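Participant:
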């Protein structure tokens, strides 16, 4: 909670707490390869954070779907 309060203090749009950062790096996804690259990057976040050893082990990740394992999430293919 201390971290959320700290970031909210320096952001006038928030009164008490801030959960998401307001920094982003927008990237145009113009090819299937780019989309796949970004999906893999997102799937690796829990691994980089040290929460799991493999991306498909994080129960809230769609990586389990991509590994064709049982998942909490249901994905619609586009």
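In this note's numbering, the protein residues as written are 15 to 92. For each residue, glycine too, the CB sits at the ideal point set by N, CA and C. Since we're looking at a predicted model, the values are computed, not measured.
(1) In angstroms, rounded to a whole number, what distance separates the CA positions of residue 82 and residue 89?
(2) In whole angstroms, what is the alpha-carbon distance linking residue 74 and residue 46?
(3) How many angstroms separate the CA atom of residue 37 from the CA atom of residue 62?
(4) Could you tell me the distance, in whole angstroms, from the CA atom of residue 52 to the CA atom of residue 71?
(5) Could you tell me which of 76, 91, 40, 41 sits nearest to residue 59, measuring between CA atoms?
(6) Please state the DSSP three-state secondary structure of residue 85.
(7) Taking the continuous alpha helix (DSSP H) assigned at residue 61, which residues delimit it?
Facilitator: The structure says:
(1) The sequence position of residue 82 within the chain shown is 68, counting from 1. The sequence position of residue 89 within the chain shown is 75, counting from 1. Roughly 11 Å between the two C-alpha positions.
(2) On the chain shown, residue 74 is found 60 positions in, with the first residue counted as 1. On the chain shown, residue 46 is found 32 positions in, with the first residue counted as 1. Their Cα atoms are separated by approximately 23 Å.
(3) Against the chain shown, residue 37 aligns to sequence position 23. Against the chain shown, residue 62 aligns to sequence position 48. Distance between the alpha carbons of residue 37 and residue 62: 19 Å.
(4) Sequence index remark: in the chain shown, residue 52 carries index 38 (1-based). Sequence index remark: in the chain shown, residue 71 carries index 57 (1-based). About 19 Å.
(5) Here residue 59 is taken as the residue at index 45 of the chain shown, counted from 1. When each option's Cα is compared against that of residue 59, the closest is 76.
(6) In the chain shown, counting from the first residue as 1, residue 85 sits at position 71. Reduced to three states, the DSSP call for residue 85 is coil.
(7) For the purposes of this step, residue 61 is taken as residue 47 along the chain shown, with counting starting at 1. First-last of the alpha helix (DSSP H) with residue 61: 46–62.
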